[in-house]
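Residue numbers (the UniProt record's numbering), protein chains in the order written: chain A, 1 to 254; chain B, 1 to 254. Just so you know, even glycine gets a beta-carbon here, dropped at the ideal spot from N, CA and C. Just so you know, these numbers come straight off a predicted model, no measurement behind them.
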């Protein structure tokens, strides 16, 4: 299985603290060593880093741990290969363009006997079930809407599409276009919202603490969504299985 | 204006030497400081780095200069903004998927009054003339071929498409799907092929030399394509204006 990490904020925020704990699970506190990836939205643009090495030892992950890239929407993934070889083209998140926006997708879980009819413009490059699911979601949304609908409308459509895919197995995923972050829990996903008054937090996986009151303004709001809680001293909320949440400006809108 | 750098090889090769000279033009020996980007194919996968900072000072460019990523097809770009703001979404190279392959595109030049009819599945995310041209090329190729044709056949189609675009201005570009590198010269482009017996070379823009005989095997072959020659002591070939060359396994096939 893999693990997912997402961040959605109302002001550009770096993910160094959370990514440091998350990447520790790629070899030290977890066995997710078969590649990793992260995508940061900056305005309409996206920075996309993927690597088939373990995030604990990858020089590119080291850059991400030490270079504070500020973003309002981030999706990251550490992989333990189940379907598809350990190869760059099988690393999540995947990126496609739809309606003149980049869409970023990462999945945790396994789909059995999943062979969607991909007769639209999106085809998988690698060999994962995840990228097939992403291409089918993009194809279906492109066929359904001529332009990007509001997040709540898109989420309603996603719920229909997700139900069809999740019938094939576990399908926790994150999807973002840089304005909203859609997170679906099939089996396991947690989130928290950090906002004023900010406090300190300590990573569960590493000897690292941060006092968020020192690095924020009172207006900042940050939602962090992750497979397993990243900190030991904050209150994380578990998603219900089957629940899709949409995060905008650092908070869930549904 | 911008500058382009491409590499096509018969064995995975790093681009540290060439990129070091190229990035020097982003502030020290050139004025291309409005962002940069580079894409490396590894098998079917692609590593894509873009940054709106200057390549001379960007921490991510520093990683590329020091971390030897091996690839058989690389496309890089340093930008001096003419059309489109200095922003991440306007940094080349751009990436799209077609026929289950990633396609990477970078452009140097200016197109006047260029408004192609983009009624297919590819839409620009940023505001450059370059991304419009790329989307139109992808749309046209998708409409023309159900699957990827051999490089020579694709090149013939590209020549037709390129002529329509180049009527609007200067349109030097590089395009790759990770198996071939297509390079078109509208005004200025150079290339060389390094092969056995390998010799030393010295950058024109920096005090850096390399003895390729120490880092190659006799079977290696590497084509480097660039706007302005990168080395002072090698024989570079100038493209003819209007010429499209296709590089496969480190050599031009036409």
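{"Item": "Residues of the stretch 85-97 of chain A whose Cβ lies closer than 8 Å to any Cβ of chain B, in chain order", "Value": "87, 88, 89, 90, 91, 95, 96 and 97"}
{"Item": "Interface residues of chain B facing residue 44 of chain A [CB-CB closer than 7 Å]", "Value": "89, 125 and 126"}
{"Item": "Alpha helix (DSSP H) segments (min. 4 residues) lying fully within the stretch 96-170 of chain B", "Value": "129-144 and 151-166"}
{"Item": "For residue 19 of chain A, the three-state DSSP class (helix, strand or coil)", "Value": "helix"}
{"Item": "Residues sharing a beta bridge with residue 195 of chain B, DSSP", "Value": "B:221"}
{"Item": "Boundaries (first-last residue) of the beta strand (DSSP E) holding residue 38 of chain A", "Value": "36-42"}
{"Item": "Proximity test, Cβ basis, 9 Å: residue 114 of chain B and chain A", "Value": "no"}
{"Item": "Contact set between residue 136 of chain B and chain A, taken where Cβ atoms lie within less than 8 Å", "Value": "The premise fails here: residue 136 of chain B is roughly 14 Å from chain A at the closest Cβ pair, so nothing lies under 8 Å."}
{"Item": "Short CB-CB distance (under 9 Å) between residue 154 of chain B and chain A", "Value": "no"}
{"Item": "Inter-residue CB distance, residue 20 of chain A and residue 203 of chain A (contact presumed, cutoff 8 Å)", "Value": "7 Å"}
{"Item": "Neighbour list for residue 100 of chain B in chain A, Cβ cutoff strictly below 8 Å", "Value": "123, 124 and 125"}
{"Item": "Contact residues within the stretch 53-67 of chain B, judged by C-beta distance below 8 Å to chain A", "Value": "59, 60, 63 and 67"}
{"Item": "Cross-strand partners of residue 3 of chain A (DSSP beta bridge)", "Value": "A:78"}
{"Item": "Straight-line Cα distance separating residue 27 of chain A from residue 36 of chain A", "Value": "12 Å"}
{"Item": "Those residues which DSSP pairs with residue 190 of chain B across a bridge", "Value": "B:226 and B:238"}
{"Item": "Interface flag, residue 51 of chain A vs chain B, CB-CB below 9 Å", "Value": "yes"}
{"Item": "Candidates A:196, A:143, A:170 and A:215, of which the one nearest residue 99 of chain A by Cα", "Value": "A:143"}
{"Item": "Neighbouring residues, chain A, relative to residue 47 of chain B (Cβ below 9 Å)", "Value": "48, 49, 50, 51, 60 and 88"}
{"Item": "Any C-beta of chain A under 9 Å from that of residue 142 of chain B", "Value": "yes"}
{"Item": "Per-residue burial, residue 101 of chain B [other beta carbons within 10 Å of its own, 16 or more giving buried]", "Value": "buried"}
{"Item": "Beta-carbon proximity check, residue 83 of chain A vs residue 127 of chain A, cutoff 9 Å", "Value": "yes"}
{"Item": "Proximity to residue 118 of chain A [Cα-Cα], best of A:53, A:131 and A:107", "Value": "A:131"}
{"Item": "Segment contact flag, the stretch 234-248 of chain A with the stretch 169-179 of chain B, C-beta cutoff 8 Å, min 3 pairs", "Value": "no"}
{"Item": "Alpha-carbon spacing of residue 25 of chain B relative to residue 103 of chain A, whole angstroms", "Value": "33 Å"}
{"Item": "Coil, strand or helix - residue 62 of chain A by DSSP", "Value": "helix"}
{"Item": "Which listed residue (A:111, A:163, A:151 and A:199) has its alpha carbon closest to that of residue 251 of chain A", "Value": "A:151"}
{"Item": "Reference residue 53 of chain B; option with closest CA among B:33, B:45 and B:209", "Value": "B:33"}
{"Item": "Coarse secondary structure for residue 89 of chain A, derived from DSSP in three states", "Value": "helix"}
{"Item": "Local Cβ density within 10 Å of residue 248 of chain B, reported as buried at 16 or more and exposed below that", "Value": "buried"}
{"Item": "Contact check, residue 147 of chain A vs residue 1 of chain A, beta carbons under 9 Å", "Value": "no"}
{"Item": "CB-CB length for residue 189 of chain A against residue 239 of chain A, believed under 8 Å", "Value": "4 Å"}
{"Item": "Rounded C-alpha distance that separates residue 107 of chain A from residue 219 of chain B", "Value": "41 Å"}
{"Item": "Own chain partners of residue 65 of chain A with C-beta closer than 8 Å, once the 5 adjacent residues on each side are dropped", "Value": "16, 19, 20 and 23"}
{"Item": "Test item: CB-CB of residue 77 of chain B and residue 3 of chain B under 9 Å", "Value": "yes"}
{"Item": "Three-state secondary structure assigned by DSSP to residue 11 of chain A", "Value": "strand"}
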